[in-house]
Amino acid sequence: MKLYNYWRSSSSYRVRLALHFKGVPFEYVAVSLLKGEQHEATHRDRNPAGYVPVLEVDDGGGVALLTQSVAIVEYLEECFPERPLFPSSRVDRARVRGLVELVNSGIQPFHNLATLNHLKAIGADEKAWAKHFVTQGLASLEALAQRHAGRFLFGDAFTFADCCLIPQLYGARRFGADVSAFPLLTRVEQACLELPHVQAARPEAQPDAQPV
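If you're matching positions, the sequence shown starts at -4 in our numbering and goes up one per residue.
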């Protein structure tokens, strides 16, 4: 199993968290977004959209390339159910997916590198844009999580929702968002950061990490 990813990509970070949580060994393959390697033909063959992460897996003796972090984690959940990232209740699984999608489709796309590069190209303040939408999205996440949070974002077990929260707060700080305004989210983050699998997945622990 190979994970094509970038150390500071929040989508890549989610998948690393899931892999380390489940104890699944994988080969780390760096794709530098700053050098534009995601646009090279080799990577476009893996993912025509030019995004990371891409997970390469065995498929009955052949090779399958999986794209999009949510789809990848759903695949891992099916293949390695022993350490689940979703609750047992059907309703609770839907609630966790709601938290996931609030981050995945309601916050992260606003600070995706491609989005920011386009904004910069047309003369907009890309950092102010990102800070605005990240702050707005985190406020919604804080309110939604208050309904079912425990030690973690949903109850007292680590779930895929936490895999999305941790990278999102990491990204929020990069754009100058005041995360102290979200005490529930930062409390959960601190609980997560105590876990070995989270430490292993952190951006600064990756082989392609750069000084910032």
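Just so it is clear, CB atoms sit at the ideal spot from N, CA and C, and this is done for glycine as well.
As the structure is a prediction and not an experimental result, all values here were calculated from the model.
*Is it true that the CB of Gln201 sits closer than 8 Å to the CB of Trp2?*
Yes, Cβ-Cβ distance for Trp2 and Gln201 is below 8 Å.
> What did DSSP end up calling Tyr1 once you bin it into helix, strand or coil?
Replying inline: If DSSP states are grouped into helix, strand and coil, Tyr1 belongs with coil.
- Query: Can the beta-carbon of Glu72 be found less than 8 Å from the beta-carbon of Leu80?
  - Reply: Their beta carbons are under 8 Å apart, which means Glu72 touches Leu80 by this criterion.
**Asked** Quick check: the segment 132 to 144 against the segment 110 to 121, are there 3 or more CB pairs under 8 Å?
**Response** Too few Cβ pairs lie closer than 8 Å, so no.
Cβ-Cβ distance between Phe105 and Glu137 below 8 Å
For the pair Phe105 and Glu137, the CB atoms are not nearer than the 8 Å cut-off.
Let's see if you can read the secondary structure: which residues bound the alpha helix (DSSP H) around Glu184? Note, Glu184: alpha helix (DSSP H), 178 to 188.
Exercise for review: Have a look at Leu(-2), Tyr46, Glu22 and flag the residue whose alpha-carbon is nearest the alpha-carbon of Asn107.
Suggested key: The residue with the shortest Cα to Cα distance from Asn107 is Tyr46.
**Q.** Pro20 burial status per 10 Å Cβ neighbour count (16 or more: buried)
**A.** Answer is exposed; the Cβ neighbour count stays below 16.
Could you give the C-beta distance for Val24 and Lys(-3), rounded to a whole number, given that I count them as a contact under 8 Å? Going by Cβ atoms, the distance from Val24 to Lys(-3) rounds to 5 Å, so yes, they are a contact pair.
Cα-Cα separation, Ala119 to Ala125: As the crow flies, the alpha-carbon of Ala119 is around 11 Å from that of Ala125.
* Compare the Cα-Cα distances from Arg78 to each of Leu139, Leu12, His38 and report the closest residue. => Out of Leu139, Leu12, His38, the CA that lies nearest to the CA of Arg78 is found in Leu12.
Beta-carbon proximity check, Pro82 vs Val68, cutoff 8 Å | No, the Cβ-Cβ distance between Pro82 and Val68 is not below 8 Å.
Once DSSP output is grouped into helix, strand and coil, what is the label at Leu50? Here Leu50 carries a strand assignment [DSSP, helix/strand/coil].
Output the distance between the C-alpha atoms of Gly132 and Val98, rounded to the nearest integer angstrom. In this structure, the straight-line span from the alpha carbon of Gly132 to that of Val98 is close to 8 Å.
If you measure between the beta carbons of Lys122 and Gly171, is that distance less than 8 Å? In this structure, Gly171 lies closer than 8 Å to Lys122 by Cβ.
Checklist entry - What are the partner residues of Val24, as DSSP defines its beta bridges? => result Its beta-bridge partners are Tyr(-1).
Excluding the five sequence neighbours on either side, which residues of its own chain have a C-beta within less than 8 Å of the C-beta of Val183, listed in chain order? Take Val183, set aside five residues on each side of it, and the residues of its chain with a beta-carbon closer than 8 Å to its own are Ala140, Ala144, Arg146, Phe147, Leu148, Asp157, Leu160, in chain order.
Where Ala152 falls: helix, strand or coil (DSSP) = Coil.
Checklist entry - Can the beta-carbon of Arg9 be found less than 8 Å from the beta-carbon of Ser84? => result No, they are not a contact pair.
Near Ala204, which residues of its chain fall below 7 Å by C-beta distance, leaving aside the five closest residues on each side in sequence? Closer than 7 Å at Cβ, skipping near neighbours: Trp2, Pro198.
Margin query: Am I right that Val95 and Phe155 are in contact with their C-beta atoms under 8 Å? What's the rounded C-beta distance?
Written below: So it is a contact: roughly 5 Å between Cβ atoms.
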